[in-house]
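A.B. asks: This is the structure I have questions about; it appears just below.
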Amino acid sequence: MKNKILPLVIFLSLIFFACKTSKSSNHTTSNNVSSADTVWVVKYDRSACFGNCPVYTFYLTETNNGLIEAKYNFIEPGWYHADLDEESVHALMGELEPEDWWREDLRNQPEIADLPGRSIVYKHKDGLRWFAMGGRTSEQAEYVCNLFDELIGGAKWMPTDIRPTNPDIPQPTDVLVQLKADVEINRWMMKFENFGIRLVKKVAPNLSYYVVSWNVDKGTANDFLQSIKLDREVVDAQWDQALNGRSKKSETISK
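Going by this note's numbering, the sequence shown opens with residue 9, and the numbers climb by one from there.
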């Protein structure tokens, strides 16, 4: 009888072990998400400061999950995935929805030397929205950045093979800038030669509105826009994203 029971026990043990291994394997697969591209909706970049600021690029996906490329002072450098808190995501998206939030003028804010550079890109249904902060910020901007930081800091990040949709959106190049009335455009552009600035067009003959562009091999989009916004001869500046359709009314500048 013992000779019959022993093989049965061994057989049942093997089945139990196989089932346990299968469940464990499935759990690992759910954490280390399979290799694939994922479509993102919001992108949040943090760059370095003088101290130990975390440096990463965070993506909020269309399924409200998180994807992050950790770089410095956060977790081990690499790519990670996390399920995000739904209420926190909803609160964040509510702050990003009003178009006025993206048009805040930071030029009159005091300059802070040790702020990390931060930028937010939102693939909104009405068009691409882009906001960048250098050494100046505001209470409203910091509130939104804190929502990002709390959402990211509270997530349980797991290593992943997932990457953001490729190709990524290109960096914007064209800036619509309004200069003060007595500013000569060619002289003004000399301030930004390090960005490879060039004049694209004048928007109207009798107004000081211009579209200028930069060389993507020289600096970053954030630095270019912020440098223009902080210039004292500039009234206003923004990315020329949704204004391409007005070319018929514009006076093109011959090169």
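Every residue gets a Cβ at the ideal spot worked out from N, C-alpha and C, and that includes glycine. None of the values given here were measured: they were computed from a predicted structure.
(1) Using the rule of at least 16 other Cβ atoms within 10 Å of the residue's Cβ for burial, across every protein chain shown, is P98 buried or exposed?
(2) Applying the criterion that 16 or more other CB atoms from any shown protein chain within 10 Å of the CB defines a buried residue, is D248 buried or exposed?
(3) Between which residues of its own chain and Q246 is the CB-CB distance below 6 Å, once the five residues before and five after are set aside?
(4) P142: which of G86, I128 and G135 sits nearest, CA to CA?
(5) Where does V185 sit, in a helix, a strand or coil, going by DSSP?
(6) Are the beta-carbon atoms of Y151 and V49 separated by less than 9 Å?
(7) Counting only the same chain and skipping the five closest in sequence on each side, list residues whose C-beta sits under 6 Å from that of L104.
(8) Grab me the residues of F156's own chain with a C-beta within less than 6 Å of its C-beta, minus the 5 sequence neighbours each way, in chain order.
(9) Beta carbon of A229, beta carbon of Q179: below 9 Å?
(10) Report yes or no: do three or more beta-carbon pairs, one from the stretch 196-207 and one from the stretch 224-242, lie closer than 8 Å?
(11) Suppose the cutoff is 6 Å on Cβ atoms and the five residues either side in sequence are ignored; what does the same chain contact list for T173 look like?
(12) Nearest to W222 by alpha carbon, out of D190, R206, A140 and I170?
(13) Cα separation between E84 and T71?
(14) Relative to the alpha-carbon of D93, which residue among W87, W110 and L68 has its alpha-carbon at the smallest distance?
(15) Please determine, among L187, F66 and D231, the residue with the shortest C-alpha to C-alpha distance to N214.
(16) Have a look at I160, K226, I193 and E192 and flag the residue whose alpha-carbon is nearest the alpha-carbon of L78.
(17) Since K237 is in the beta strand (DSSP E), which residue starts that stretch and which ends it?
(18) Mark F58 as exposed unless 16 or more other C-beta atoms lie within 10 angstroms of its C-beta, in which case mark it buried.
(19) In this structure, how does DSSP classify A163 when only helix, strand and coil are distinguished?
(20) Using three-state DSSP, classify I121 as helix, strand or coil.
(21) DSSP three-state label for K199, please.
(22) Excluding the five sequence neighbours on either side, which residues of its own chain have a C-beta within less than 8 Å of the C-beta of N194, listed in chain order?
C.D. replies: With the structure as the only source:
(1) Working through the sequence shown from its first residue, we reach residue 98 at position 90. The amino acid at residue 98 is misidentified as Pro; the sequence shows His. H98 counts as exposed, since fewer than 16 other C-beta atoms from the protein chains shown sit within 10 angstroms of its C-beta.
(2) Translated into the one-based positions of the sequence shown, residue 248 becomes position 240. D248 counts as buried, since at least 16 other C-beta atoms from the protein chains shown sit within 10 angstroms of its C-beta.
(3) Here residue 246 corresponds to residue number 238 of the sequence shown, with the count starting at 1. Taking C-beta separations shorter than 6 Å and ignoring five residues to either side along the sequence, the partners of Q246 in its chain run L184, following chain order.
(4) The sequence position of residue 142 within the sequence shown is 134, counting from 1. It is worth fixing the name first, because residue 142 is Gly in this sequence and not Pro. Across the set G86, I128 and G135, the C-alpha of I128 shows the shortest separation from the C-alpha of G142.
(5) Locating residue 185 in the sequence shown gives position 177, where the first residue counts as 1. Three-state DSSP puts V185 in a strand.
(6) By one-based count along the sequence shown, residue 151 stands at place 143. By one-based count along the sequence shown, residue 49 stands at place 41. No. Outside cutoff.
(7) Numbered from 1 along the sequence shown, position 96 holds the residue referred to as residue 104. Result list for L104: Y130, in chain order.
(8) Within the sequence shown, numbered from 1, the residue matching residue 156 stands at position 148. So the qualifying residues of the chain are Y52.
(9) Against the sequence shown, residue 229 aligns to sequence position 221. Against the sequence shown, residue 179 aligns to sequence position 171. Against a cut-off of 9 Å, the Cβ pair of Q179 and A229 comes out as a contact.
(10) Using a C-beta cut-off of 8 Å, the stretch 196-207 makes contact with the stretch 224-242, since at least three inter-stretch Cβ pairs fall below that distance.
(11) Within the sequence shown, numbered from 1, the residue matching residue 173 stands at position 165. Closer than 6 Å at Cβ, skipping near neighbours: D45 and V47.
(12) Taking the sequence shown and counting its residues from 1, the one referred to as residue 222 is at position 214. Taking only the C-alpha atoms, the option nearest W222 is R206.
(13) The count along the sequence shown starts at 1 and reaches residue 84 at position 76. The count along the sequence shown starts at 1 and reaches residue 71 at position 63. Their backbone Cα atoms lie some 25 Å apart in a straight line.
(14) Here the question's residue 93 lines up with position 85 in the sequence shown. Looking at the Cα atoms, L68 is the closest of the given residues.
(15) Here residue 214 refers to the residue found at position 206 of the sequence shown. N214 has its Cα closest to that of L187, out of L187, F66 and D231.
(16) Here residue 78 refers to the residue found at position 70 of the sequence shown. First, the residue type needs correcting, since residue 78 is Ala and not Leu in the sequence shown. It is I160 whose Cα lies nearest to the Cα of A78.
(17) Here residue 237 is taken as the residue at index 229 of the sequence shown, counted from 1. Per DSSP, K237 belongs to no beta strand (DSSP E); it is in the alpha helix (DSSP H), A229 to K237.
(18) Here residue 58 refers to the residue found at position 50 of the sequence shown. With fewer than 16 other Cβ atoms inside 10 Å of its own Cβ, F58 counts as exposed.
(19) On the sequence shown, position 155 is the one that residue 163 refers to. Three-state result, A163: coil.
(20) Within the sequence shown, residue 121 is the residue found at index 113, counting from 1. Position check: residue 121 holds Ala in this sequence, whereas Ile was assumed. Three-state DSSP puts A121 in coil, outside helix and strand.
(21) Your numbering for residue 199 matches position 191 in the sequence shown. Secondary structure of K199 (DSSP, three-state): helix.
(22) Position 186 of the sequence shown, counting from 1, holds the residue named residue 194. Short of 8 Å from the beta carbon of N194, and not among the five residues preceding or following it, lie these beta carbons of its own chain, in chain order: L207.
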